[in-house]
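> Here my numbering = 1-based position in the sequence shown + 36.
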Amino acid sequence: MFIYAVVFAATGVLIVFVMNADEGSQPWVLMLARNHAIVYAWHLGCWMVLGMFTNYYWDLFNLGKGLESMQALRIGLPLLVSPFVFMPVYNLWLASSSQSYMLFAVIAIQSGFFWQALLTKVAPLDRAASIPWSVNNGVNRSARATNPQGPELS
37 MFIYAVVFAA TGVLIVFVMN ADEGSQPWVL MLARNHAIVY AWHLGCWMVL
87 GMFTNYYWDL FNLGKGLESM QALRIGLPLL VSPFVFMPVY NLWLASSSQS
137 YMLFAVIAIQ SGFFWQALLT KVAPLDRAAS IPWSVNNGVN RSARATNPQG
187 PELS
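1) In chain order, what residues of the same chain have a beta carbon less than 6 Å from the beta carbon of N71, not counting five sequence neighbours either side?
2) Could you give the DSSP three-state label for Q146: helix, strand or coil?
3) Quick one: is I74 buried, meaning 16 or more other Cβ sit within 10 Å of its Cβ, or exposed?
4) In the DSSP assignment, find the unbroken alpha helix (DSSP H) run with D95 in it and report its ends.
5) If you compare alpha carbons, which of W64, L86 and G60 is closest to V43?
6) So for N56, helix, strand or coil by DSSP?
7) Are there three or more Cβ pairs, one per stretch, closer than 8 Å when the segment 52-60 is compared with the segment 90-103?
8) In terms of residues, what are the limits of the alpha helix (DSSP H) holding L103?
9) By alpha-carbon positions, which one of L99, W129 and G100 ends up nearest to W78?
10) Grab the span of the alpha helix (DSSP H) containing W151 for me, first residue to last.
11) Consult DSSP for S133 and reduce its assignment to one of helix, strand or coil.
12) V125 and A108 look like a contact to me (Cβ under 8 Å); what is the Cβ gap, rounded to whole Å?
13) What's the C-alpha gap between F97 and A131?
14) Taking its Cβ as the centre, do 16 or more other Cβ atoms sit within 10 Å of L116, making it buried, or is it exposed?
15) Can M211 and G48 be called in contact, C-beta distance under 8 Å?
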C-alpha cells in the first residue's frame with residue numbers, strides 16, 4: 037500500500053511540473069512535458085485503483101465490519117481486472133480534445149468504484165448474482181428480490 041501511495045503522489049507531482057513547464061524549465065521537465073501521456077496514464081491508473089479500494093471499503097463498512105475484516109485476496113481480483121477497466125478510460129482520454137485533466141481523474145475513480153458492473157452484467161438475469169469477490173456476496177439481494185418496490189421505510 038505504501039508503494040501505491042508513493043506512485044500516486046509522485047505522478048501527481050510530475051503532472052503539476054508538466055503542466056507548468058515552459059521553455060526555460062529543466063531538461064527533465066521538458067522531457068516529461070513531451071511525454072506527458074505516459075505520466076498521466078499512470079496517474080489515471082492510480083485514480084482507478086483508488087476507486088477500487090474505495091468500493092471495497094464502502095462494501096466492508098456497509099456490512100458493519102471494520103478494517104480488521106479486510107481480506108487481501110478479495111482486493112486482489114479488482115487489481116487483476118484493472119486493465120479491462122482502465123482501457124475505456126484511457127481511450128476516452130486519448131480521443132478527447134478536452135484539456136480538463138480533473139475530468140478524466142473523476143471518470144477514472146468512478147470506473148474503479150463501479151468495476152464490478154462490468155463483470156456482473158455477464159451473468160444471467162434469472163438468478164440473483166452471487167459475487168465471490170465482493171464483500172457483500174449477495175446477502176441483501178434476496179430481500180430486494182422479494183420486495184421489488186424497495187426496502188420498507190418505517
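Yeah, the Cβ is synthetic: ideal placement off N, Cα and C, and Gly gets one too. Small disclaimer: the values here were computed from a predicted structure and weren't measured.
So, from the data block:
1) none
2) helix
3) Exposed, by the Cβ-count rule.
4) H72 to N98
5) It is L86 whose Cα lies nearest to the Cα of V43.
6) coil
7) no
8) First-last for L103: undefined, no H or E at that position.
9) W129
10) W151 -> no alpha helix (DSSP H), and no H or E assigned at all.
11) coil
12) With 8 Å as the limit, V125 and A108 do not qualify as a contact, their Cβ atoms being about 25 Å apart.
13) 37 Å
14) exposed
15) Any answer about residue 211 is impossible in this case: the structure gives the chain only from 37 up to 190.
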